[in-house]
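Below is one structure; the comments refer to it alone.
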Amino acid sequence: MPTINFKEIWVTEAVRQREEHWGPIEDNAVVLQLRAQPISLADKVIQRALLLSRRDGLLETVNQWISASKFALILFIFLAILSGIGMAYSALSTSHINVIMALVALLGLHAITFIFWLFTLFATWDTQTLLGRVWLWLSKKLARSPDATLAMQSFIHTSNQQGSLRWILSSISHGFWLISLTSCLITMLLLLSTKSYTFGWETTILSSNGFVGFTQIIGFIPSLLGFPIPDVQIIHASGNHIASQIDAQKAWSIWLLGQLVVWGILTRLISFIFSFIKARLTIKRTTIDITLPSYSTLIKRLEQRAEKIDIDASAPNYELPNIDKTTPTNWTTERLIVGLEIPSKQVWPPFILHPSVTDVGKIESREQRHQLMLKLINHPVKELLLVCDGRQTPDRGIAYFIKDVAGYAERTSIYLIEQNDDHERMALWQQTLTAIGLNINNIFNKPSQISHWISE
1 MPTINFKEIW
11 VTEAVRQREE
21 HWGPIEDNAV
31 VLQLRAQPIS
41 LADKVIQRAL
51 LLSRRDGLLE
61 TVNQWISASK
71 FALILFIFLA
81 ILSGIGMAYS
91 ALSTSHINVI
101 MALVALLGLH
111 AITFIFWLFT
121 LFATWDTQTL
131 LGRVWLWLSK
141 KLARSPDATL
151 AMQSFIHTSN
161 QQGSLRWILS
171 SISHGFWLIS
181 LTSCLITMLL
191 LLSTKSYTFG
201 WETTILSSNG
211 FVGFTQIIGF
221 IPSLLGFPIP
231 DVQIIHASGN
241 HIASQIDAQK
251 AWSIWLLGQL
261 VVWGILTRLI
271 SFIFSFIKAR
281 LTIKRTTIDI
291 TLPSYSTLIK
301 RLEQRAEKID
311 IDASAPNYEL
321 PNIDKTTPTN
331 WTTERLIVGL
341 EIPSKQVWPP
351 FILHPSVTDV
361 GKIESREQRH
371 QLMLKLINHP
381 VKELLLVCDG
391 RQTPDRGIAY
401 FIKDVAGYAE
411 RTSIYLIEQN
421 DDHERMALWQ
431 QTLTAIGLNI
441 NNIFNKPSQI
451 SHWISE
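If you're matching positions, the sequence shown starts at 1 in the UniProt record's numbering and goes up one per residue.
Right, dumping it as structure tokens:
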């Protein structure tokens, strides 16, 4: 069984959502090939999506979104570093530091967002961190693709399947704060090493004993890690006036750094590691749900037994966009003419055919296209003439079908009926068909150009 990664499931979901909103994608050639593959239905659905996404450019859109999301993370890192520097300067903005105000400046916003994150862990509804939502929005904006919203929505849907999105966004949020607080710590160390500060605490209604208790409680765990609590005498001496002793300044500096390291950096580091591991585990459990109603028709088509026109004829390997024409192929001498989406009132065939030409007739339905593909897979032909209505604008579906069947003919030509020398429409057909690899010299709009197909 082939290994399926998260990106493949993501791309499959993107294809599913595109078809759900804009209708089925032309996939006859892909489905025919996958029916014969000895893999599970889920793998067939994924392989179909990968082939179609490469052909239609959706895979490139997903890759663009991934690149944009990485760039958004780089911007986050830069902003986190700047915000950390700003917090340090805010906490140490004057030569005399109120330790309570400095503590609020360093850990206030971090504490609020962290408590909110803890609350969301027990929430029954879907929640996303603010930084996570900003990252998703910024990634979509930076992708600069018309399908960027589709890529983002399919990513969110796929990530939500096992709850991965919560942990992915949590990892981003904790990572941002971890970098920001680390940047703040480094900046504070530089400031404390190069400038002289005095520390104190000020209050109008609180008692000094209350502040002593507060200092000792929040400083207990940091003290176990080497950040000692200032002596009670130093704490009392710092109240309502400046503690100018060098020992007091050093004690308060270490205590303040300890709060930042333990309640800030270590808290975010542990949360980041936990969220990152949870994200990896839930991502690994992500699978494709082929029981969705939108897959029901596709599953039936993939489950159909592959039909054989000739049991002795072996079908060549087919892989989008075309089979390799340099590969040795047993082309039959048969010459086929086929009408693609020709109006019902149009006389068929459009001219008297040469005796060597086999008339397949006009094909319109998916089943008729399917039968033609089966015939060509088992009997690649020498020449194939596809007749199209030149008055119509060539759409992507018919272009891809032409590209598919052209892989099973040594020479494929296009004849545009009712073209009436409309040079703009002719140029559009030429542009569309040459874009899928057809030789411009094989696109005709006059009977005289295909005389070898016409009976004399």
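All C-beta atoms in this analysis are idealised placements derived from N, C-alpha and C, irrespective of residue type, glycine included.
Restricting to Cα atoms, I'd like to know which of S154, A36, I25 is closest to R55. In the sequence shown, counting from the first residue as 1, residue 55 sits at position 55. Checked all of S154, A36, I25; the closest Cα to R55 is I25.
Backbone CA spacing between H370 and A409 [nearest angstrom]: By 1-based counting over the sequence shown, the position of residue 370 is 370. By 1-based counting over the sequence shown, the position of residue 409 is 409. Going from the Cα of H370 to the Cα of A409 covers about 16 Å.
In three-state DSSP terms, what is A409? Residue numbering aside, residue 409 sits at position 409 when the sequence shown is read from its first letter. Strand at A409.
A49 and V11 closer than 8 Å at C-beta: One-based indexing of the sequence shown puts residue 49 at position 49. One-based indexing of the sequence shown puts residue 11 at position 11. Result yes, Cβ atoms of A49 and V11 sit closer than 8 Å.
Check whether the region 195-212 and the region 167-182 touch, using three or more Cβ-Cβ pairs below 8 Å as the test. no
Identity of the residue in I337, N445, W65, D289 nearest D43 by Cα: Within the sequence shown, the letter at position 43 stands for residue 43. Ranking I337, N445, W65, D289 by Cα distance to D43 puts D289 first.
For A399 versus T432, is the C-beta spacing smaller than 8 Å? If you number the sequence shown from 1, residue 399 lands on position 399. If you number the sequence shown from 1, residue 432 lands on position 432. Their beta carbons are under 8 Å apart, which means A399 touches T432 by this criterion.
Kindly indicate which residue of L59, I342, I246, G226 has the alpha-carbon position closest to the one of I234. Residue numbering aside, residue 234 sits at position 234 when the sequence shown is read from its first letter. When only C-alpha atoms are compared, the closest one is I246.
What residue does the beta strand (DSSP E) around residue 458 start on, and which one ends it? Given that the chain is displayed from residue 1 to residue 456, the structure contains no residue 458 and the question cannot be resolved.
For F351, which three-state DSSP category applies? Counting from one through the sequence shown, the residue named residue 351 turns up at place 351. Correct three-state label for F351: coil.
Can you check DSSP and say which residues form a bridge with K362? Taking the sequence shown and counting its residues from 1, one reaches residue 362 at position 362. Per DSSP, G339.
Thinking C-beta only, is R335 closer than 8 Å to S356? Residue mapping note: residue 356 aligns to position 356 of the sequence shown, counting from 1. Residue mapping note: residue 335 aligns to position 335 of the sequence shown, counting from 1. Yes, the Cβ-Cβ distance between S356 and R335 is below 8 Å.
In chain order, what residues of the same chain have a beta carbon less than 8 Å from the beta carbon of H452, not counting five sequence neighbours either side? Start at 1 with the first residue of the sequence shown, and residue 452 comes out as number 452. Cβ within range, chain order: H354.
For A151 and V262, believed in contact at Cβ under 8 Å, the rounded distance: Start at 1 with the first residue of the sequence shown, and residue 262 comes out as number 262. Start at 1 with the first residue of the sequence shown, and residue 151 comes out as number 151. Contact flag wrong, Cβ pair sits at about 40 Å.
Taking the beta carbon of K195 as the centre, do at least 16 other beta carbons fall within 10 Å, making it buried, or is it exposed? What you label residue 195 is simply residue 195 of the sequence shown in a count that begins at 1. Flag for K195 reads exposed.
Please work out which residues of its chain come closer than 8 Å, Cβ to Cβ, to V45, disregarding the five sequence neighbours upstream and downstream, and give them in chain order. Counting from 1 along the sequence shown, the entry for residue 45 is found at position 45. Here the set comprises T12, I288, I290, Y295, L298, I299, L302.
Check whether the region 247-261 and the region 142-158 touch, using three or more Cβ-Cβ pairs below 8 Å as the test. no
Pull up the CB-CB distance for I229 and G219, whole angstroms please, since I reckon it's below 8 Å. Position 229 of the sequence shown, counted from the start, is the residue given in the question as residue 229. Position 219 of the sequence shown, counted from the start, is the residue given in the question as residue 219. Between G219 and I229 the Cβ distance is about 4 Å, and since that is below 8 Å, they are a contact.
Simplified DSSP state of F227, which is helix, strand or coil: To locate residue 227, count along the sequence shown from 1; it is residue 227. Correct three-state label for F227: coil.
Do you know offhand how far I311's Cα is from I352's? Against the sequence shown, residue 311 aligns to sequence position 311. Against the sequence shown, residue 352 aligns to sequence position 352. Confidence in I311 is poor, its pLDDT being 31 and thus under 50, which makes the residue's placement too unreliable to answer from.
Pull up the distance between the alpha-carbon of L224 and that of R133, whole angstroms please. By one-based count along the sequence shown, residue 224 stands at place 224. By one-based count along the sequence shown, residue 133 stands at place 133. Their backbone Cα atoms lie some 37 Å apart in a straight line.
L34: beta carbon under 7 Å from a heavy atom of the ligand GTP? In the structure shown, the ligand GTP is absent, as is every other ligand, since no ligand is present at all.
Expressed to the nearest angstrom, what Euclidean distance is found between the alpha-carbon atoms of P349 and I66? As a working mapping, residue 349 is identified with position 349 in the sequence shown. As a working mapping, residue 66 is identified with position 66 in the sequence shown. Looking at the two C-alpha atoms, the distance is approximately 50 Å.
Below 8 Å on the Cβ atoms is my contact criterion, and I expect F272 with L178 to pass it. Report the Cβ-Cβ distance as a whole number of Å. Working through the sequence shown from its first residue, we reach residue 272 at position 272. Working through the sequence shown from its first residue, we reach residue 178 at position 178. Yes, F272 and L178 are in contact; Cβ-Cβ is about 5 Å, under 8 Å.
How is D389 classed by DSSP in three states: helix, strand or coil? For the purposes of this step, residue 389 is taken as residue 389 along the sequence shown, with counting starting at 1. Reduced to three states, the DSSP call for D389 is strand.
How is the alpha helix (DSSP H) around Q431 delimited, first residue to last? In the sequence shown, counting from the first residue as 1, residue 431 sits at position 431. Note, Q431: alpha helix (DSSP H), 423-435.
Quick check: what's the CA-CA separation for I342 versus W135? Translated into the one-based positions of the sequence shown, residue 342 becomes position 342. Translated into the one-based positions of the sequence shown, residue 135 becomes position 135. Those two C-alpha atoms are separated by around 49 Å.
Go through its chain and collect everything with a Cβ distance to S164's Cβ below 7 Å, but skip five positions before and after it. Residue mapping note: residue 164 aligns to position 164 of the sequence shown, counting from 1. The residues are A279, T282, I283, T286.
Excluding the 5 residues flanking L34 on each side, which residues of the same chain have their C-beta closer than 7 Å to its C-beta? Residue numbering aside, residue 34 sits at position 34 when the sequence shown is read from its first letter. Cβ neighbours of L34 beyond the five flanking positions: K44, Q47, R48, L302.
Distance, Cα to Cα, H110 vs E20? Residue numbering aside, residue 110 sits at position 110 when the sequence shown is read from its first letter. Residue numbering aside, residue 20 sits at position 20 when the sequence shown is read from its first letter. The straight-line gap from Cα to Cα measures roughly 42 Å.
Under 8 Å between the Cβ atoms of A102 and M87? By one-based count along the sequence shown, residue 102 stands at place 102. By one-based count along the sequence shown, residue 87 stands at place 87. Their beta carbons are not under 8 Å apart, which means A102 does not touch M87 by this criterion.
What does L41 pair with, by DSSP beta-bridge criteria? Sequence index remark: in the sequence shown, residue 41 carries index 41 (1-based). L41 is not bridged to any residue.
Starting from A279, trace the alpha helix (DSSP H) both ways and give me its first and last residue. Counting from 1 along the sequence shown, the entry for residue 279 is found at position 279. A279 -> alpha helix (DSSP H) spans 267-284.
Please state whether the Cβ-Cβ distance between L58 and A29 is less than 8 Å. Here residue 58 corresponds to residue number 58 of the sequence shown, with the count starting at 1. Here residue 29 corresponds to residue number 29 of the sequence shown, with the count starting at 1. Cβ distance not < 8 Å, so L58 and A29 don't count as in contact.
Go to L82, then tell me how far its alpha helix (DSSP H) extends in each direction, as first and last residue. Along the sequence shown, read from residue 1 onward, the residue named residue 82 stands at position 82. Unbroken alpha helix (DSSP H) run through L82: 58-91.
Beta-carbon gap between V387 and G339 smaller than 8 Å: The residue given as residue 387 occupies position 387 in the sequence shown. The residue given as residue 339 occupies position 339 in the sequence shown. Yes, Cβ-Cβ distance for V387 and G339 is below 8 Å.
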